[in-house]
Ligand code: APR
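Residue numbers (my numbering): 75 to 315.
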C-alpha cells in the first residue's frame with residue numbers, strides 16, 4: 075500500500091476474527107459457533123418463533139461469553155487510532171460483542187446488533203441488558219414480557235445501512251479485519267469502497283472470499299496485523315502534522 079499520509083476518512087469493517095484472540099469463537103471455523111446449533115435454529119426469526127427458549131438460552135450464553143472476554147491488542151490499537159482520528163474513523167462491526175468500545179473506540183456501528191442489548195417487540199424500546207432473557211423479564215418501559223435479543227438474524231435488515239454507505243462514500247481508506255466475506259451486505263462494502271475510489275486493505279488470518287477485491291491483503295493474527303497497521307497510519311500522520 076502506498077504512502078498513507080493523504081488518508082483522512084477511514085472506514086474499518088470488523089468480523090469475528092478480530093475477537094477470536096479474546097476467546098470468542100468465530101462462526102465458520104471448524105469449532106465455529108454454528109457447529110453447536112443449526113443456524114436456522116438460533117439465528118432466524120422462524121427459529122425464535124419455533125423454540126424461543128433455545129434461542130433465548132443461546133444468546134444468554136453469548137452475553138456471558140462477551141462479559142467474560144477482554145479486548146485484545148487489535149481492539150486496543152483501534153482504540154488508539156480512534157483517540158487520534160475521532161470522527162474521521164468509523165468502525166462498522168458485524169460483531170455483537172462490546173470489545174471495540176472496551177478497547178477505547180467510541181464511534182462503533184453494530185450492523186448485526188449487540189449481545190448486551192434487549193429489544194422489546196411490543197414497544198420497540200431497546201435496553202442495555204447484562205442478565206438473561208430466558209425467564210421472560212418484563213420490558214422496563216411497557217412491562218410486557220416481550221424482550222428478544224437485539225441481534226439482526228438472517229433474513230432481517232442490518233442496522234444503519236444508510237449511515238454505513240454514506241461513510242464509505244466519504245472514505246479515503248476501507249480496511250476489512252477478521253471477516254470471511256461470506257455474508258452480505260457486509261461482504262459487498264469493499265466493492266462500494268472501490269467504486270468511490272477509496273483504497274482497500276484486508277487484514278485476516280487467511281484469504282477470504284473477497285480477497286481479490288482488495289488492493290492489499292495481509293495475512294496473520296489480528297493482534298499482530300492491526301497494531302502494525304495502526305502504527306504505520308499514525309507514523310505517516312506524524313510526518314504530515
Ligand atoms: N486474526 C485475524 N483473522 C482471524 C483470526 C485472527 N486471530 N481468527 C479467525 N480469523 C478470520 C478467519 O480466517 C475468517 O476469515 O476471521 C474470519 C471469521 O469469519 P466468520 O467466522 O465467517 O465470521 P464473520 O466474517 O464475522 O461472519 C459474518 O456471519 O454468521 C454471520 O452474523 C454473523 O456477523 C456474522 C457474519
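Yeah, the Cβ is synthetic: ideal placement off N, Cα and C, and Gly gets one too.
- Query: For residue 284, is the beta carbon positioned less than 7 Å from some heavy atom of ligand 1?
  - Reply: The answer is no for residue 284.
- Query: Helix, strand or coil: how does DSSP classify residue 280 here?
  - Reply: coil
- Message: Less than 7 Å separating the Cβ of residue 257 from some heavy atom of ligand 1?
- Response: Because some heavy atom of ligand 1 lies under 7 Å away, the Cβ of residue 257 counts as near it: yes.
- Task: Take residue 291 as the anchor and find which of 311, 270 and 253 has the nearest alpha-carbon.
- Result: 253
- In the DSSP assignment, what residue or residues form a beta bridge with residue 193? According to DSSP, residue 193 bridges with 200 and 222.
- Item | Spatially closest choice to residue 194 from 248, 151, 161 and 214, by CA coordinates | 214
- What residues in its chain sit with their C-beta under 7 Å from that of residue 159, if we drop five residues either side in the sequence? 84
- Message: On the DSSP letters alone, give me the boundaries of the beta strand (DSSP E) that residue 113 sits inside.
- Response: That residue, residue 113, is in no beta strand (DSSP E); its alpha helix (DSSP H) goes 113-116.
- Query: Just how far apart, CA to CA, sit residue 153 and residue 165?
  - Reply: 10 Å
- Task: Counting only the same chain and skipping the five closest in sequence on each side, list residues whose C-beta sits under 7 Å from that of residue 190.
- Result: Cβ within range, chain order: 137, 140, 172, 202, 203 and 204.
- Query: Roughly how far, in whole angstroms, is the beta-carbon of residue 207 from the beta-carbon of residue 133, given that I think they are within contact range, below 8 Å?
  - Reply: 7 Å
- Query: Under the criterion of a Cβ to heavy atom distance below 7 Å, does residue 186 qualify as lining ligand 1?
  - Reply: Answer for residue 186: yes, Cβ within range of ligand 1.
- Query: So residue 163 and residue 86 are in contact, right, with Cβ under 8 Å, and what is the actual spacing, rounded?
  - Reply: 7 Å
- Item | Sub-8 Å separation of residue 183 and residue 143 beta-carbons | no
- Pairwise C-alpha distance: residue 231 and residue 305: 35 Å
- Item | Closest residue to residue 94 among 81, 128, 147 and 126 (Cα-Cα distance) | 147
- Query: Assuming residue 275 and residue 247 make a contact with CB atoms under 8 Å, what is their CB distance in whole Å?
  - Reply: 7 Å
- Query: Among the residues of its own chain, which have a CB less than 7 Å from the CB of residue 239, if the five just before and after it don't count?
  - Reply: 266
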